[in-house]
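S.K.: Structure in structure tokens, see below.
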Amino acid sequence: VDESKVEAIRNWPTPKSISDIRSFHGLASFYQRFVKGFSTIASPLTEVIWKDKLFYWGENQEESFRILKEKLSSTPLLQLPNFDKTFEIECHAS
């Protein structure tokens, strides 16, 4: 894990504009497949960045921001598998 990237997420300032929220949301979305329940957690942020919305930062947005920062900066978010162990692959088609 690149500690400088983890620190950048941990130290990400609280958004002060829609543009700030979009920047953080874009970064978080890049790693969404590694965060269980990402859509639910991020929904308060997503609501604020819809078109024609005024900037609003409330308790729900702060909690969403805090949880995402925590999940994105806690190790191991991304980790190589242990190739000495057996792999179990689960797949479904939809």
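Heads up: the sequence shown at position 52 corresponds to 557 in the working numbering, and the numbers run straight through without jumps.
C-beta: ideal position from N, C-alpha, C; glycine also.
Here the structure is a predicted model, which is why all the values come from computation and not from measurement.
Am I right that Arg527 and Ser578 are in contact with their C-beta atoms under 8 Å? What's the rounded C-beta distance?
M.R.: Between Ser578 and Arg527 the Cβ distance is about 20 Å, and since that is not below 8 Å, they are no contact.
S.K.: Runs of 4 residues minimum, wholly inside the segment 517-576: which ones carry the alpha helix (DSSP H) assignment?
M.R.: 523-535 and 543-553
S.K.: Taking 8 Å as the threshold (C-beta atoms), are Ile546 and Ile523 in contact?
M.R.: no
S.K.: How big is the Cα-Cα spacing for Lys558 and Asn587?
M.R.: 46 Å
S.K.: Quick one: Cα of Glu568 to Cα of Ala513, how far?
M.R.: 19 Å
S.K.: Taking 7 Å as the cut-off, is the beta-carbon of Ser579 closer than that to any non-hydrogen atom of the ligand ATP?
M.R.: The ligand ATP is absent from the structure shown, which contains no ligands of any kind.
S.K.: Excluding the five sequence neighbours on either side, which residues of its own chain have a C-beta within less than 7 Å of the C-beta of Val511, listed in chain order?
M.R.: Ser578
S.K.: DSSP three-state label for Lys510, please.
M.R.: helix
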